[in-house]
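Notes for the one structure printed next.
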Amino acid sequence: MDISGKTVLITGAGMGIGALACIEFAKAGANIIGIDIQKKEMNETKKQVEALGRKFFPYACDLSRPDNIDTLVRQIGYDKLTFHILVNNAGIAPSGPYLSQNFSTWEKAISINVNAVTKLTYLCLPILKSHQKAHIVNLASVAGKFGSEGTVIYSATKHAVVGFSQALRMELYDSNVGVSWICPTMVKTRMIDGVKPSVFTPIIEPIQVVKAILAAVRKNQGEVMVPSRLRFSIVILPALFPEFALWLAVKMKASKGWLLANKGLEKNIPK
Numbered sequence: 512m513d514i515s516g517k518t519v520l521i522t523g524a525g526m527g528i529g530a531l532a533c534i535e536f537a538k539a540g541a542n543i544i545g546i547d548i549q550k551k552e553m554n555e556t557k558k559q560v561e562a563l564g565r566k567f568f569p570y571a572c573d574l575s576r577p578d579n580i581d582t583l584v585r586q587i588g589y590d591k592l593t594f595h596i597l598v599n600n601a602g603i604a605p606s607g608p609y610l611s612q613n614f615s616t617w618e619k620a621i622s623i624n625v626n627a628v629t630k631l632t633y634l635c636l637p638i639l640k641s642h643q644k645a646h647i648v649n650l651a652s653v654a655g656k657f658g659s660e661g662t663v664i665y666s667a668t669k670h671a672v673v674g675f676s677q678a679l680r681m682e683l684y685d686s687n688v689g690v691s692w693i694c695p696t697m698v699k700t701r702m703i704d705g706v707k708p709s710v711f712t713p714i715i716e717p718i719q720v721v722k723a724i725l726a727a728v729r730k731n732q733g734e735v736m737v738p739s740r741l742r743f744s745i746v747i748l749p750a751l752f753p754e755f756a757l758w759l760a761v762k763m764k765a766s767k768g769w770l771l772a773n774k775g776l777e778k779n780i781p782k
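Just so we're aligned: the sequence shown equals residues 512 to 782 in the numbering used here.
As structure tokens, this is what we get:
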């Protein structure tokens, strides 16, 4: 799919991977519909996109609230905007022992990481299908391929994103809409503040993930691991030797950093 001249809807457009994705899509010739919890979160993103000569349309939406998602898609229609690419990037990663958080924190992660992704995709699919070519990119994680301590609910949500994306890609296989899901390791953003990495989960730069997103759209790729070498330790090894992979992950403290960080909700996420 050629990105130039297209419009891309990106959630979590105010910072991190989402903001950088807006800029890189703009460099590739796309206009952007940016979504974040408040419009002011996207001021800098808007400035950088417009400096590249592309249009940026900001919309505020609390993705944890289904009624907000309904209103968002209706408003985009009222504004006579359309889009060819949907990037479900927004997500949160509370962590720690499963019983360490009030369950409402885990529910918030499920509402943003799973419910919002599936509902927004459901509402956007008719718009995407109206174009000759369209694409959906869902941000998953290596945690969506191999669950580990400290990330019980986060892993559950990202497994859901992987399963949803795989099934949707199959269902839309003969249609004009492609589906990709990106599974990065730990990315150097605010999300991993205070979390110690391990050999299983090295830290990568946000640009590596964004480049993978653009490549997935251009090539209609399905599952993309970032970096690709993680496929052996995260997918192949556990499939061939599940008990050994589990023992190794525990002994090498693969996600002990998430367990000890015991992260709650981010400051800009309402409880």
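Using N, Cα and C, we set each Cβ at its ideal position, and we do this for glycine too.
Beta-carbon proximity check, residue i vs residue j, cutoff 7 Å
i, j, result
"N599", "N649", "yes"
"C635", "L597", "yes"
"S686", "Q732", "no"
"I521", "G545", "yes"
"Q559", "I543", "no"
"I603", "A620", "yes"
"G525", "E552", "yes"
"K656", "I745", "yes"
"S622", "S676", "no"
Per-residue DSSP class, three states only, for residue i
i, result
"E734", "strand"
"Y684", "coil"
"P708", "coil"
"S691", "strand"
"A571", "strand"
"M697", "strand"
"H642", "coil"
"N626", "helix"
"L610", "helix"
"T518", "strand"
"L776", "coil"
"I548", "coil"
"I603", "coil"
"L650", "strand"
"L597", "strand"
Neighbourhood of residue i by C-beta distance below 8 Å, restricted to the same chain and skipping five residues each side
i, result
"K630", "P577, I580"
"Q586", "Y570"
"L679", "T632, I647, V690"
"S515", "A539, G540, A541"
"G705", "A772, K774"
"G658", "S666, A667, H670"
Cutoff 6 Å; reference residue i; Cβ partners in own chain excluding five residues on either side
i, result
"P713", "T696"
"A654", "T662, Y665, S666, K669"
"A723", "I693, V735, V737"
"G523", "G529, N600, A601"
"D547", "A524, G525, M553"
"K699", "I714, E716"
Pairwise C-alpha distance: residue j and residue i
i, j, result
"H670", "E555", "32 Å"
"G768", "V673", "23 Å"
"R565", "H642", "20 Å"
"V584", "Y633", "11 Å"
"S766", "I780", "24 Å"
"R742", "L748", "9 Å"
"A645", "S606", "34 Å"
"A760", "A651", "20 Å"
"L776", "V720", "23 Å"
"P763", "S709", "Residue identity check: residue 763 is Met in the sequence provided, not Pro. Going by the C-alpha atoms only, they are around 8 Å apart."
"L610", "R701", "24 Å"
"L770", "E618", "18 Å"
"Q549", "T582", "14 Å"
"A756", "E660", "14 Å"
"D513", "V519", "12 Å"
"K707", "K591", "46 Å"
"P637", "F594", "11 Å"
"I718", "F568", "22 Å"
"L725", "K517", "13 Å"
"A750", "K782", "38 Å"
"S615", "I703", "21 Å"
"Y684", "E754", "34 Å"
"M681", "F711", "30 Å"
"V688", "V625", "20 Å"
"F752", "K557", "48 Å"
"W758", "K778", "35 Å"
Any non-hydrogen atom of the ligand NAP within 6 Å of residue i CB
i, result
"A562", "No copy of the ligand NAP occurs in the structure displayed, which carries no ligand at all."
Residue i - partner residues in DSSP beta bridges
i, result
"I745", "I745 is not bridged to any residue."
"N542", "T518"
Residues near residue i in its chain [Cβ-Cβ closer than 7 Å; skip 5 each side]
i, result
"A727", "V648, S691, I693, V735"
"A537", "I543, V560, L563, R565"
"A532", "I521, V598, N600, V721, I724"
"R729", "M512, I514"
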